[in-house]
Amino acid sequence: MKMEFKKKDGILILTILCIAVLTILVHVFIGGKGASKAIVKVNGEIQGVYSLSEDQEIEINHGTNILQIKNGKADMIEADCPDQLCVYQKKISMNHESIICLPNRVVVEIESSENSEYDAVTN
Ligand SMILES: [Zn+2]
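Quick note: the sequence shown uses numbering that gives the first Met the number 0, first residue 0, plus one each step.
So this is what it looks like as structure tokens:
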């Protein structure tokens, strides 16, 4: 009888663990990179919107800046600006994070649909 109890406890713990892992996975997939987009603006005008879930390289402003999207993160990998500040900036993936290239007037901004107005309205 004692053995049986232990087994049941084990199953219960495993079930809870599975649910916990699933919850985290669902959160990562829905709230994380799957729902995020990189918005590329030149001179304040939107040039394009790209999904962070698709690995790609984007030529901005006819090639003055090259943005790379890889593993759910956006990173400026090339620029012809003199300061190269945008290239040194960290990869971005979180809502409202941005990479700015002042000399070329290029802005890359992350928008996650997780924090959409929809949430605010339902609250
Ligand atoms: Zn730059």
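Don't be surprised by glycine CBs; every beta carbon is placed ideally from N, CA and C.
Alpha-carbon to alpha-carbon, residue j and residue i
i   : j    : result
E53 : P102 : 28 angstroms
G71 : K5   : 42 angstroms
K7  : M93  : 41 angstroms
D79 : T63  : 5 angstroms
E44 : V106 : 9 angstroms
G9  : I18  : 14 angstroms
L16 : I91  : 31 angstroms
E96 : L13  : 37 angstroms
V20 : H61  : 44 angstroms
I81 : E108 : For the record, residue 81 in the displayed sequence is Pro; it is not Ile. Going by the C-alpha atoms only, they are around 22 angstroms apart.
T22 : L11  : 17 angstroms
I65 : C100 : 11 angstroms
Proximity below 7 angstroms, CB of residue i to CB of residue j
i    : j   : result
E56  : Q46 : no
E110 : K36 : yes
Q83  : I98 : no
V48  : I38 : yes
Exposure label - residue i; buried when at least 16 CB within 10 Å
i   : result
D74 : buried
I76 : exposed
Nearest neighbour of residue i, chosen from the options [CA to CA]
i    : options                : result
R104 : I23, K89, C85 and K69  : C85
L125 : H61, K69 and V20       : There is no way to answer for residue 125, as the model of the chain reaches only from 0 to 122.
R112 : H61, C100, L21 and H26 : Contrary to the premise, residue 112 reads as Ser rather than Arg in this sequence. With distances taken between Cα atoms, S112 lies closest to H26.
Length-filtered (3 minimum) beta strand (DSSP E) runs lying within the stretch 56–90: 64–69 and 72–78
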